[in-house]
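Taken in order, the sequence shown gives residues 0 to 446; the numbers are from numbering that gives the first Met the number 0. Note that beta-carbon positions come from the ideal geometry of N, C-alpha and C, so glycine has one too. Working notes, structure below.
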Amino acid sequence: MIKKFSILPLLIAASAANATVNYKLDLSQPQHHLGQVSMTLDGGSANALVKLPAWRTGKYKILDLANGVRHFWAKDSAGQTLTWQHHDKSSWLIDNPTKGAITVGYQIYANQLGTRTRHIDDSHAYIDATAVFMYEPARRDEDISVELTVPADWHSFSGMQATSAHHFVAPNYDVLADSPIETGINQVLNFKQDDKNYQLVIWGEGNYDAQQMAQDLKKMVGASQNIWQGYPFDDYVFMVHATTGVRGATEHLNSTIIQRKRFTFAPRKEYLEFLKTAAHEFVHTWNVKAYRPKGVAHYDYQRENYTDLLWVSEGSTSYFQSQLLLQSGLITQKEFFEDLAKRINSHLKKPGKHEQSVAQSSHESWIALPGDFANNHSVNIYSEGFMASLALDFKMLQDSKLKAGYSELHRELFNQFRLPKPFDSHDIQALAKSLTGKDYSQWWQQN
Numbered sequence: 000m001i002k003k004f005s006i007l008p009l010l011i012a013a014s015a016a017n018a019t020v021n022y023k024l025d026l027s028q029p030q031h032h033l034g035q036v037s038m039t040l041d042g043g044s045a046n047a048l049v050k051l052p053a054w055r056t057g058k059y060k061i062l063d064l065a066n067g068v069r070h071f072w073a074k075d076s077a078g079q080t081l082t083w084q085h086h087d088k089s090s091w092l093i094d095n096p097t098k099g100a101i102t103v104g105y106q107i108y109a110n111q112l113g114t115r116t117r118h119i120d121d122s123h124a125y126i127d128a129t130a131v132f133m134y135e136p137a138r139r140d141e142d143i144s145v146e147l148t149v150p151a152d153w154h155s156f157s158g159m160q161a162t163s164a165h166h167f168v169a170p171n172y173d174v175l176a177d178s179p180i181e182t183g184i185n186q187v188l189n190f191k192q193d194d195k196n197y198q199l200v201i202w203g204e205g206n207y208d209a210q211q212m213a214q215d216l217k218k219m220v221g222a223s224q225n226i227w228q229g230y231p232f233d234d235y236v237f238m239v240h241a242t243t244g245v246r247g248a249t250e251h252l253n254s255t256i257i258q259r260k261r262f263t264f265a266p267r268k269e270y271l272e273f274l275k276t277a278a279h280e281f282v283h284t285w286n287v288k289a290y291r292p293k294g295v296a297h298y299d300y301q302r303e304n305y306t307d308l309l310w311v312s313e314g315s316t317s318y319f320q321s322q323l324l325l326q327s328g329l330i331t332q333k334e335f336f337e338d339l340a341k342r343i344n345s346h347l348k349k350p351g352k353h354e355q356s357v358a359q360s361s362h363e364s365w366i367a368l369p370g371d372f373a374n375n376h377s378v379n380i381y382s383e384g385f386m387a388s389l390a391l392d393f394k395m396l397q398d399s400k401l402k403a404g405y406s407e408l409h410r411e412l413f414n415q416f417r418l419p420k421p422f423d424s425h426d427i428q429a430l431a432k433s434l435t436g437k438d439y440s441q442w443w444q445q446n
């Protein structure tokens, strides 16, 4: 008899063994919102420059994440203390005369739940790597391992590959930075759709029905294939925080974090807001995580990353989220058109649309302000990006006699501009022309 076996565990184990950058995070005393971090680097240069990012993916704002770092130290492979200097607000320069392996360590304060960066308490920890794990820019592409020390009754989840209960590996820092970790006491539901594996991981109590959430998410993810006809992942994790005082969500490589106030999962009107958010973040798995514009295609974690196409990244995602919910049967046609009417009405009421284009808004997203000034003098990449996407979809459908629209354009972005290849506005216009036979340069200038 021939025994069948999988080589995947062997490949994962080999990846962990080959990691040249190894992180350890000790969360054994979480009650003070503190974690102990160490990073070991195989031999390198005489001067190692390590950095903590100044912003996190999915939020185009400088957050100065190094503000939680304390008690920094560095040692060589023999355990001897190395001299270092705080080079700038987010960087540490270490003297390494032997050019051998070094280990750096520091304490991290993690009580920023609402920014979805880092949070540690006695029931869980949420870890966005950009807010916790430093990196050496010259070694950003090297294999990585992450090992957690957590209380005995905790479980750990991430979009990264797991080699054991609390140990993960990634092929480079970019994957780590886009693969948050949720560890703690959670409700977990598993489901499959189109041979892809999904986990729903919930922290906190509330008025949600976890089984219903999993059933509805299964319907929603399947509807994505009406647009893209392919997946950029094999495994996906929906992380949900049901808590107090925070709300919002962030997309990641093959996971998302969704935060809602614990008693806003019912009645239906509130529950639909959760589904809208889940659909939005899931669409991002293609639009941003599989393909994204020049300027943000290869992240610079230390400063602003500029593009005029954030309205495509965010506004078009909002446009497709509604389609996923409609096509999956999670909302009715009446609810779909009520939402559309609400968006159009909001657009008509905002004078800022006469002052700023969606391209300008995209470029200035890093310094955008809310409030009356924003309504009067600027536009929002989400809401106005939605309207621009709607207009382009209608234009393409008209030009092609209903044969191709904005969905087909994004399918081609997925097929032709998958990362690391970026796209720009000329590429979008060229794709639209190839699908409809019409030129879009004038439309682009007018809109």
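For Q186, the three-state DSSP class (helix, strand or coil): Stepping through the sequence shown from its first residue, residue 186 is reached at position 187. Residue state, collapsed to three classes: strand.
Cβ-based neighbour list, K432, same chain, cut-off 7 Å, excluding 5 preceding and 5 following: Here residue 432 refers to the residue found at position 433 when the sequence shown is read from its first residue. Exclusion of the five residues before and after K432 leaves D438 and Y439 as the residues of its chain whose Cβ lies within less than 7 Å of its Cβ.
Sequence-distant residues of the same chain with beta carbon closer than 8 Å to M219, five excluded per side: As a position in the sequence shown, residue 219 is number 220, starting the count at 1. So the qualifying residues of the chain are L274, A277, A278, F281, L323, L324, S327 and L329.
Cβ neighbour criterion (16 or more within 10 Å) applied to Q441: Residue 441 sits at position 442 when you count from the first residue of the sequence shown. That one is exposed.
Proximal residues to H32 (C-beta, below 7 Å), its chain only, five neighbours per side dropped: Along the sequence shown, one-based indexing puts residue 32 at 33. The residues are Y108, A109, N110, I119 and D120.
Sufficient close CB pairs (3 or more, under 8 Å) joining the segment 211-218 to the segment 250-257: Because the criterion of three Cβ pairs below 8 Å is not met, the segment 211-218 and the segment 250-257 do not touch.
Residues near A128 in its chain [Cβ-Cβ closer than 6 Å; skip 5 each side]: Here residue 128 refers to the residue found at position 129 when the sequence shown is read from its first residue. Excluding residues within five positions, the ones whose Cβ falls inside 6 Å are L175 and A176.
Reduced DSSP category for V68 - H, G, I as helix; E, B as strand; rest coil: To locate residue 68, count along the sequence shown from 1; it is residue 69. Of the three classes helix, strand and coil, the one that applies to V68 here is strand, per DSSP.
Whole beta strand (DSSP E) elements within the segment 130-205, 3-residue minimum: 143-148, 154-157, 160-163, 166-169, 180-183, 186-192 and 195-202
Option in S144, Y172 and N171 with minimal Cα separation from H165: The residue labelled residue 165 in the question sits at position 166 within the sequence shown. Here the closest residue by C-alpha is S144.
Enclosing beta strand (DSSP E) for I93 [first to last residue]: Locating residue 93 in the sequence shown gives position 94, counting from the first residue. Element bounds for I93: S90 to D94.
Selection from P231, V239 and D194 that minimises the alpha carbon distance to I184: Against the sequence shown, residue 184 aligns to sequence position 185. Selected option, being the one with the closest Cα: V239.
Straight-line Cα distance separating G104 from M38: Start at 1 with the first residue of the sequence shown, and residue 38 comes out as number 39. Start at 1 with the first residue of the sequence shown, and residue 104 comes out as number 105. Between M38 and G104, the C-alpha separation is close to 6 Å.
Segment contact, 8 Å Cβ cut-off, at least three pairs: the segment 301-308 with the segment 49-56: yes
Whether G57 touches T331 by CB criterion (8 Å): For the purposes of this step, residue 57 is taken as residue 58 along the sequence shown, with counting starting at 1. For the purposes of this step, residue 331 is taken as residue 332 along the sequence shown, with counting starting at 1. No, Cβ-Cβ distance for G57 and T331 is not below 8 Å.
Identity of the residue in V200, S388 and T182 nearest F190 by Cα: For the purposes of this step, residue 190 is taken as the residue at position 191 of the sequence shown. That would be V200, whose Cα lies nearest to the Cα of F190.
Any 3 or more C-beta pairs closer than 8 Å across the segment 225-233 and the segment 401-410: As far as the Cβ criterion goes, the segment 225-233 touches the segment 401-410, which means the pair count is three or higher.
Length of the line joining the Cα atoms of F372 and R259: For this step, residue 372 is matched to residue 373 along the sequence shown. For this step, residue 259 is matched to residue 260 along the sequence shown. Their backbone Cα atoms lie some 28 Å apart in a straight line.
Buried versus exposed, by CB contacts within 10 Å (16 or more), A13: As a first step, residue 13 is located in the sequence shown; it is residue number 14 there, counting from the start. Its pLDDT being 47, under 50, A13 is placed unreliably by the model, and the measurement read from it follows with that caveat. The residue in question, A13, is exposed, as its Cβ has fewer than 16 Cβ neighbours within 10 Å.
At least 3 beta-carbon pairs within less than 8 Å: the segment 377-388 vs the segment 195-209: Output reads no: the segment 195-209 does not touch the segment 377-388.
Enclosing beta strand (DSSP E) for S37 [first to last residue]: Sequence index remark: in the sequence shown, residue 37 carries index 38 (1-based). Start and end: L33 to L40.
Three-state secondary structure assigned by DSSP to F232: Within the sequence shown, numbered from 1, the residue matching residue 232 stands at position 233. Of the three classes helix, strand and coil, the one that applies to F232 here is coil, per DSSP.
Element boundaries [beta strand (DSSP E), containing L48]: Mapped onto the sequence shown, residue 48 falls at position 49. Residues N46 to K50.
Coarse secondary structure for D75, derived from DSSP in three states: If you number the sequence shown from 1, residue 75 lands on position 76. Reduced to three states, the DSSP call for D75 is strand.
Validate contact between the segment 74-85 and the segment 17-34 using beta carbons, cut 8 Å, 3 pairs: No, they do not touch.
Of the residues R138, W285, Q210 and K288, the one placed nearest F264, counting alpha carbons only: For the purposes of this step, residue 264 is taken as residue 265 along the sequence shown, with counting starting at 1. Here the closest residue by C-alpha is Q210.
For S312, the first and last residue of its enclosing beta strand (DSSP E): The residue given as residue 312 occupies position 313 in the sequence shown. Note, S312: premise wrong, no beta strand (DSSP E); not H, not E.
Inter-residue spacing [alpha-carbon to alpha-carbon] between T82 and A73: For the purposes of this step, residue 82 is identified with residue 83 of the sequence shown, where counting begins at 1. For the purposes of this step, residue 73 is identified with residue 74 of the sequence shown, where counting begins at 1. Distance between the alpha carbons of T82 and A73: 7 Å.
For D142 and N17, the rounded distance between their alpha carbons: Translated into the one-based positions of the sequence shown, residue 17 becomes position 18. Translated into the one-based positions of the sequence shown, residue 142 becomes position 143. Straight-line Cα distance between these residues: approximately 7 Å.
Same chain, Cβ closer than 7 Å to G42, five either side skipped, listed in chain order: Working through the sequence shown from its first residue, we reach residue 42 at position 43. Here the set comprises K98, G99 and A100.
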